[in-house]
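Heads up: the protein sequence lines correspond to chains A and B, in order.
Residue numbers for the first sequence follow my numbering, so the first one is 10 and each next one is one higher.
Residue numbers for the second sequence follow my numbering, so the first one is 2 and each next one is one higher.
Encoded as structure tokens, the structure appears first; notes follow it.
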Amino acid sequence: MNKRSSENPEREDTMLSRMPQDAAYWDGLATRVENRAAPVLARYAGKASGEASGEASGRASGRASGRTGGLFGWIGDRSPVLAAGALAAAALAWLFVPPAASVGSPTVLAFDAVAPPSTVARALTPSDPLVARLMTDPVPPTIGSLVARPRPGTRP
Amino acid sequence: MDEATSDAALVERVLGGDGRAFDALTRRYLRQALATAWEFTESLEDAEDIVQEAFFRALSGLERFDPSRPFAPWLFSILRNTGRNEAARRGRWQSVPVALELQGGGEGPESELEAGEIRALLAQGLDRLPAMQRACFRLCDVEGFTSAEVSEMLGVSSATVRVHVHRARRSLREILRPIWDERAVP
């Protein structure tokens, strides 16, 4: 290490050289360089081992990430605490969702879906017999049936 | 780590986080790096700072290094940039006075006096040289690096290094001529 070039030893001039000649000096300088570089080396080592384990888990699960994947995996890769919090928030949101929201429909339509038509008809039967008939008639009304006046004694 | 291990192989191991490979790579170029860095600054301590910073930058950017190309020119280009930045920050580039920290080598008071006089004249002469001539002369003739090594260190061709060394020697010879003439007189 740090030896002078052997190609032109006759050109060395140790009297004029200002470079340190003590081997311990060079060891010390090399150590300082390595200490400064230690965090970067650690990053490279972590990256290399991460790539190796990532490849292994990727083969096992078919995913690049060895965790849950998706949003929770992305969060979990950065902070397990954040991932746990996100999971808890999602669970609470699911538990407290209103029934109407759970079927994705407005409340009125949900009522229509669960209530029998006859009950609805009884509750909403108006005093007007024509309207009542239209509401209970299984056949849709036509223009003619609507404008025709029912003759006494006959069913419309 | 085997000295015959190629730079490319060491670089690959360093990228895998191998500290021993980085140690080998560092020690392989440490002396050249310090000599080069010292051309950009006055003191050994500043040169050491440049070396540390340059190796750190090189390691941090190692993923961008093209392994099909030689490592040394890439490393020394980072080192020179670091040295230039440092010199510019201190406002001393191109005006750095030569501070030869020469070791005493005389055998007696007379020879020591003579050596001291020669060193002082050399220092004056080197101060007058252009920066590149001074660097080439010092790295080749004083520190003993080959012109090929210095070409990598300074980022110029070997022929350019030899030309600068030749011109520096010629200038220094003129500066030292009075002493030689004096010694020639009985």
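Here a beta-carbon is modelled for each residue, glycine too, at the ideal position from N, C-alpha and C.
Minimum Cβ-Cβ distance from residue i to chain A less than 9 angstroms
| i | result |
| --- | --- |
| Ala9(B) | no |
| Asn83(B) | Here residue 83(B) turns out to be Thr, not Asn, going by the sequence shown. No, Thr83(B) does not count as interfacial toward chain A. |
| Gly145(B) | yes |
| Gln53(B) | yes |
| Val15(B) | yes |
| Ala36(B) | yes |
| Trp39(B) | yes |
| Arg174(B) | no |
| Arg168(B) | no |
| Arg120(B) | yes |
| Leu155(B) | no |
| Leu130(B) | no |
| Leu177(B) | no |
| Leu76(B) | no |
| Leu45(B) | yes |
| Leu123(B) | yes |
| Thr6(B) | no |
Where residue i falls: helix, strand or coil (DSSP)
| i | result |
| --- | --- |
| Ser159(B) | helix |
| Met133(B) | helix |
| Pro89(A) | helix |
| Arg67(B) | In the sequence under discussion, the amino acid at residue 67(B) is Asp, which differs from the Arg named in the question. It is coil, neither helix nor strand. |
| Thr40(A) | helix |
| Arg91(B) | helix |
| Met28(A) | coil |
| Thr6(B) | coil |
| Val143(B) | helix |
| Asp137(A) | coil |
| Pro74(B) | helix |
| Thr27(B) | helix |
| Pro150(A) | coil |
| Phe56(B) | helix |
| Thr42(B) | coil |
| Phe105(A) | coil |
| Gly17(B) | coil |
| Gly55(A) | helix |
| Phe120(A) | Any reading at Phe120(A) must be qualified, since the residue scores a pLDDT of 46, below 50, and its modelled position is unreliable; the value itself is stated next. Reduced to three states, the DSSP call for Phe120(A) is helix. |
| Gly117(B) | helix |
| Gly84(B) | helix |
| Gly62(B) | coil |
| Met154(B) | helix |
Contact list for residue i against chain A, beta-carbon separation under 8 angstroms
| i | result |
| --- | --- |
| Leu60(B) | Ala46, Val49, Leu50 |
| Glu49(B) | Leu38, Arg41 |
Where residue i meets chain A, residues with beta-carbon distance less than 9 angstroms
| i | result |
| --- | --- |
| Gly18(B) | Leu50, Ala51, Arg52, Tyr53, Ala54, Gly55, Lys56, Ala57, Ser58 |
| Phe57(B) | Val42, Arg45, Ala46, Val49 |
Residue i at chain B interface by Cβ criterion, 9 angstroms
| i | result |
| --- | --- |
| Ser88(A) | no |
| Ala95(A) | no |
| Leu104(A) | no |
| Leu101(A) | no |
| Leu25(A) | yes |
Under 7 angstroms by beta carbon: chain A residues contacting residue i
| i | result |
| --- | --- |
| Arg135(B) | Correct list: empty, because the minimum Cβ distance to chain A is about 13 angstroms. |
Proximal chain B residues relative to residue i, where beta-carbon distance stays under 8 angstroms
| i | result |
| --- | --- |
| Ala39(A) | Asp24, Thr27, Arg28, Leu31 |
CB contact below 9 angstroms: residue i versus chain D
| i | result |
| --- | --- |
| Leu63(B) | Among the protein chains of the structure shown, namely A and B, there is no chain D. |
Exercise. Are the stretch 9-25 of chain B and the stretch 114-132 of chain B touching, with three or more C-beta to C-beta distances below 8 angstroms?
Worked result: no
Exercise. Touch check for the stretch 166-174 of chain B and the stretch 43-56 of chain B: three-plus C-beta pairs under 8 angstroms?
Worked result: no
Exercise. So, do the stretch 121-128 of chain B and the stretch 22-36 of chain B have three or more beta carbon pairs nearer to each other than 8 angstroms?
Worked result: no
For this session: For the stretch 145-160 of chain B and the stretch 28-41 of chain B, state whether three or more C-beta atom pairs, one from each stretch, are separated by less than 8 angstroms.
Result: yes
For this session: Evaluate contact between the stretch 53-64 of chain B and the stretch 142-151 of chain B, counting only Cβ atoms and requiring at least three cross-stretch pairs below 8 angstroms.
Result: no
For this session: Take every Cβ of the stretch 58-69 of chain B, pair it with every Cβ of the stretch 32-52 of chain A, and state whether three or more of those distances are shorter than 8 angstroms.
Result: yes
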